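S.K.: In this note's numbering, the protein residues as written are 2 to 569.
Built from N, CA and C at the ideal position, the CB exists for glycine as well.
These numbers come from a predicted model, not from an experiment.
#1: Between the Cα of residue 354 and the Cα atoms of 370, 136, 322, 347, which residue gives the shortest distance?
#2: Candidates 487, 445, 476, 479: which alpha carbon is nearest residue 468's?
#3: Are the segment 438–452 and the segment 215–233 in contact at 8 Å, needing three or more beta carbon pairs?
#4: Can you tell me which of 76, 77, 281 puts its alpha carbon nearest to the alpha carbon of residue 518?
#5: Given 7 Å as the limit, tell me if residue 149 has its C-beta closer than that to any heavy atom belonging to the ligand GDP.
#6: Report all residues from its chain with a CB closer than 8 Å to the CB of residue 50; omit the five preceding and five following residues, and keep chain order.
#7: Mark residue 426 as exposed unless 16 or more other C-beta atoms lie within 10 angstroms of its C-beta, in which case mark it buried.
#8: Leaving out the 5 sequence neighbours to the left and right, which residues in its chain are closer than 6 Å to residue 248 when beta-carbon positions are compared?
#9: Thinking residue 515 and residue 474 are a contact (beta carbons under 8 Å), I'd like their distance in whole angstroms, please.
#10: Go through its chain and collect everything with a Cβ distance to residue 318's Cβ below 6 Å, but skip five positions before and after it.
#11: Does the separation of the CB atoms of residue 295 and residue 285 fall below 8 Å?
#12: Out of 394, 414, 364, which one is the CA nearest neighbour of residue 385?
#13: Within 8 Å of any Cβ in chain B, is that where the Cβ of residue 39 sits?
#14: Tell me the residue span of the beta strand (DSSP E) that contains residue 314.
#15: Which class does residue 47 belong to by DSSP, given the choice of helix, strand or coil?
#16: Is residue 151 near residue 40, with beta carbons less than 8 Å apart?
#17: Check whether the Cβ atoms of residue 245 and residue 131 lie closer than 8 Å to each other.
#18: Please report the distance separating the alpha-carbon of residue 496 from that of residue 553.
#19: Can you find the residues in the same chain that come closer than 6 Å, C-beta to C-beta, to residue 492, ignoring five residues on each side of it along the sequence?
#20: Between the segment 422–438 and the segment 389–399, do three or more beta carbon pairs fall short of 8 Å?
#21: With a threshold of 7 Å on Cβ separation, who are the neighbours of residue 59 within its own chain once the five nearest residues in sequence on each side are excluded?
#22: Just verifying my parser: in three-state terms, what is the DSSP assignment at residue 97?
#23: So residue 262 is in the alpha helix (DSSP H); what residue range does that whole segment cover?
#24: Is it buried or exposed for residue 122, if we count other Cβ within 10 angstroms and need 16 for buried?
#25: Whose C-alpha, out of 162, 69, 451, is nearest the C-alpha of residue 117?
#26: What did DSSP end up calling residue 336 once you bin it into helix, strand or coil?
#27: Sort out for me which residues DSSP pairs residue 283 with in a bridge.
#28: Would you call the CB atoms of residue 534 and residue 470 closer than 8 Å?
#29: Going by DSSP, which residues form a beta bridge with residue 437?
#30: Pull up the distance between the alpha-carbon of residue 18 and that of residue 503, whole angstroms please.
#31: Could you say which of 113, 211, 417 lies nearest to residue 79 if we only look at CA atoms?
#32: What's the C-alpha gap between residue 1 and residue 377?
#33: If we count the other Cβ atoms within 10 Å of its Cβ and call it buried at 16 or more, is residue 215 buried or exposed?
#34: Flag this pair as touching only if the segment 204–212 and the segment 291–305 have three or more C-beta atom pairs under 8 Å; answer yes or no.
#35: Buried or exposed: which applies to residue 34, given that a residue is buried once 16 or more other Cβ atoms fall within 10 Å of its Cβ?
#36: Between residue 387 and residue 418, how many whole angstroms is the CB-CB distance? I'm expecting something under 8 Å.
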């Protein structure tokens with residue numbers, strides 16, 4: 002490539018890649034976004050190669066387009082140190098005019114305007130250095146082919162195999178962070194996914210309420226907190242006997258906690274698991290979330306003001322179901338607007354909204370806090386001061402290389418940070434000195450080279466292992482919680498429990514009863530019966546008992562696996 006074209010590429014990359022570079026430099030995202038910007042930006046060289054004598058004119062037009070489309074993303078970064086995504090578009094478009102003015106009033110400053118004007122001035126000065134060039138048609142053809150191949154390699158790979166849906170997803174992934182595609186694709190994705198959310202929400206809102214719902218009397222204003230963890234296996238928690246001190250804070254208040262040590266997630270993935278945990282669905286009735294009220298709907302029916310605080314990605318193709326659950330609540334805080342999971346969004350973000358929610362004057366409150374927890378990539382889940390485990394000390398290192406040890410260390414560090422977050426939430430709730438309850442669980446676990454021969458990390462529903470499903474379930478309550486002495490004081494914390502039935506346990510803890518309540522499915526109830534932990538995708542294959550857990554004969558399981566209907 003001739004020198005004039007390199008200079009033009011520098012101009013385009015400055016306009017199209019600066020925000021992604023800043024996101025990486027300031028630790029807000031990985032380098033992937035800037036790599037995408039480098040590839041996508043190269044496409045703007047194609048018109049210059051075919052009209053090199055008009056390089057300055059074409060560069061000016063392209064730069065003007067890139068600059069205008071880049072300014073919103075750059076401005077948003079300067080204010081929030083975050084990327085402008087379709088999740089943010091949902092928040093911005095759904096804010097009313099008063100809220101928008103408040104944002105501008107709170108965050109506008111002259112230095113931001115000065116920074117944007119400087120950005121424009123620098124790019125204009127840079128453009129003035131460009132000069133016309135010459136290039137043969139043959140070279141223009143070769144360069145064009147190579148750039149197109151590089152920029153569209155990932156989508157083309159799927160197109161060759163006829164996978165058009167995945168081709169579009171790949172295109173979306175690599176182009177949606179780069180101007181001008183950022184705004185166009187972001188808005189299209191926002192509209193598409195919001196429509197899916199609204200349709201699902203409309204269906205869920207049409208579900209009839211629970212019949213004969215009643216609640217036991219409470220001694221005063223009541224706050225119930227449900228904390229949902231992410232990818233956190235209890236097998237890596239010192240609170241449950243893990244050899245490393247990953248729970249120094251929770252261990253300090255161990256005497257205040259009810260710790261259930263034999264609880265399992267129904268599915269090893271967030272959406273599929275929470276579709277059951279937050280509803281009346283389970284492995285034998287996986288679609289009941291479509292026909293029966295959710296946990297949020299149940300609590301709203303009981304008169305609780307509901308708030309959903311989430312540090313999960315908000316409006317991505319994978320997370321629309323989570324957004325649907327969140328939008329069932331009366332108030333939402335969407336705190337993680339990253340396009341990619343490999344981005345920093347520390348869970349301490351939830352603390353301020355949590356404090357604000359605790360101060361809400363409603364006499365009965367349900368606050369759901371959805372953490373990012375210990376989700377892969379683990380090293381993105383904790384600040385540097387929580388980088389405690391750096392060696393193999395405390396690990397069984399047989400068959401472990403340095404890469405595996407480093408990954409386990411980062412997972413354990415993420416759990417230690419999660420421990421601190423949980424301690425903060427409990428401390429803040431305790432400080433309110435209200436009649437209050439907090440329940441914490443993780444959506445699923447994670448196998449981090451735990452299972453022999455210690456060569457697998459992650460989750461695989463087709464090859465289930467104990468760590469993928471082994472989750473914490475912890476209860477904290479104020480001293481005056483109304484049924485603490487009659488229910489929690491006598492509970493068996495060792496019973497084998499399928500967390501898909503959590504809605505019955507929470508109802509019991511809160512003192513709710515209704516037609517169809519099943520005391521045998523509540524782990525805090527005297528009539529509780531231990532569960533078989535059935536794993537596998539209930540829509541496509543036969544269910545099996547999770548290896549390492551007990552099987553309790555159940556005729557309904559046999560009926561299910563025989564392919565016969567299980568519902569009345």
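M.R.: From the atom records:
#1: Sequence index remark: in the chain shown, residue 354 carries index 353 (1-based). Closest by alpha carbon: 370.
#2: As a working mapping, residue 468 is identified with position 467 in the chain shown. Residue 445 is the option with its Cα nearest to residue 468.
#3: Enough Cβ pairs lie closer than 8 Å, so yes.
#4: Here residue 518 refers to the residue found at position 517 when the chain shown is read from its first residue. Selection 76, 77, 281 evaluated against residue 518 yields 281 as nearest (Cα-Cα).
#5: Among the ligands in the structure shown, none appear at all, so the ligand GDP cannot be discussed.
#6: Within the chain shown, numbered from 1, the residue matching residue 50 stands at position 49. Correct list, in chain order: 6, 136, 140, 141, 144, 145.
#7: Along the chain shown, one-based indexing puts residue 426 at 425. The residue is buried, with at least 16 neighbouring Cβ atoms inside 10 Å.
#8: Indexing the chain shown from 1 puts residue 248 at position 247. 238, 239, 240, 420.
#9: As a first step, residue 515 is located in the chain shown; it is residue number 514 there, counting from the start. As a first step, residue 474 is located in the chain shown; it is residue number 473 there, counting from the start. That pair is no contact at about 22 Å.
#10: Working through the chain shown from its first residue, we reach residue 318 at position 317. The pLDDT assigned to residue 318 is 49, lower than 50, so where the model puts this residue is not dependable; a value taken from the coordinates is nonetheless given after this. In its own chain, leaving out the 5 sequence neighbours on each side, no residue places its CB closer than 6 Å to the CB of residue 318.
#11: By one-based count along the chain shown, residue 295 stands at place 294. By one-based count along the chain shown, residue 285 stands at place 284. Not a contact, by the Cβ cut-off of 8 Å.
#12: Against the chain shown, residue 385 aligns to sequence position 384. Measuring C-alpha to C-alpha distances from residue 385 to each of 394, 414, 364 identifies 414 as the nearest.
#13: This model lacks chain B altogether, as it is built from one protein chain only.
#14: To locate residue 314, count along the chain shown from 1; it is residue 313. 306–314 is the span of the beta strand (DSSP E), which, as asked, contains residue 314.
#15: Within the chain shown, residue 47 is the residue found at index 46, counting from 1. Here residue 47 carries a helix assignment [DSSP, helix/strand/coil].
#16: The residue given as residue 151 occupies position 150 in the chain shown. The residue given as residue 40 occupies position 39 in the chain shown. Yes, the Cβ-Cβ distance between residue 151 and residue 40 is below 8 Å.
#17: Looking up residue 245 in the chain shown gives position 244. Looking up residue 131 in the chain shown gives position 130. The answer is no: Cβ separation not under 8 Å.
#18: Taking the chain shown and counting its residues from 1, one reaches residue 496 at position 495. Taking the chain shown and counting its residues from 1, one reaches residue 553 at position 552. Taking the straight line joining both Cα atoms gives about 12 Å.
#19: Working through the chain shown from its first residue, we reach residue 492 at position 491. 525.
#20: Verdict: no, contact absent.
#21: Here residue 59 refers to the residue found at position 58 when the chain shown is read from its first residue. If we look at residue 59 and ignore the five residues flanking it on each side, its Cβ neighbours are 48, 49, 52.
#22: Counting from one through the chain shown, the residue named residue 97 turns up at place 96. Unreliable placement is indicated for residue 97, whose pLDDT of 46 sits below 50; the coordinate value is still reported in the next sentence. Taken through DSSP and simplified to helix, strand or coil, residue 97 comes out as coil.
#23: Taking the first residue of the chain shown as position 1, residue 262 is located at position 261. Premise fails: residue 262 lies in the beta strand (DSSP E), 258–265, not in any alpha helix (DSSP H).
#24: As a first step, residue 122 is located in the chain shown; it is residue number 121 there, counting from the start. It counts as exposed.
#25: If you number the chain shown from 1, residue 117 lands on position 116. It is 69 whose Cα lies nearest to the Cα of residue 117.
#26: As a position in the chain shown, residue 336 is number 335, starting the count at 1. Strand.
#27: Counting from 1 along the chain shown, the entry for residue 283 is found at position 282. Per DSSP, 286.
#28: Here residue 534 corresponds to residue number 533 of the chain shown, with the count starting at 1. Here residue 470 corresponds to residue number 469 of the chain shown, with the count starting at 1. Yes.
#29: In the chain shown, the residue the question calls residue 437 occupies position 436. DSSP, once it has assigned bridges, lists 224 as partnering residue 437.
#30: Working through the chain shown from its first residue, we reach residue 18 at position 17. Working through the chain shown from its first residue, we reach residue 503 at position 502. In a straight line, the C-alpha of residue 18 is about 46 Å away from that of residue 503.
#31: Counted from its first residue, the chain shown places residue 79 at position 78. When only C-alpha atoms are compared, the closest one is 113.
#32: Here the chain has residues from 2 to 569 only, and residue 1 is not among them.
#33: As a first step, residue 215 is located in the chain shown; it is residue number 214 there, counting from the start. Classification for residue 215: exposed.
#34: Taking a cut-off of 8 Å for Cβ pairs, the segment 204–212 and the segment 291–305 touch, as three or more such pairs fall below it.
#35: As a position in the chain shown, residue 34 is number 33, starting the count at 1. Buried, by the Cβ-count rule.
#36: Numbered from 1 along the chain shown, position 386 holds the residue referred to as residue 387. Numbered from 1 along the chain shown, position 417 holds the residue referred to as residue 418. Residue 418 and residue 387 do touch by the CB rule: their CB atoms are close to 4 Å apart, below 8 Å.
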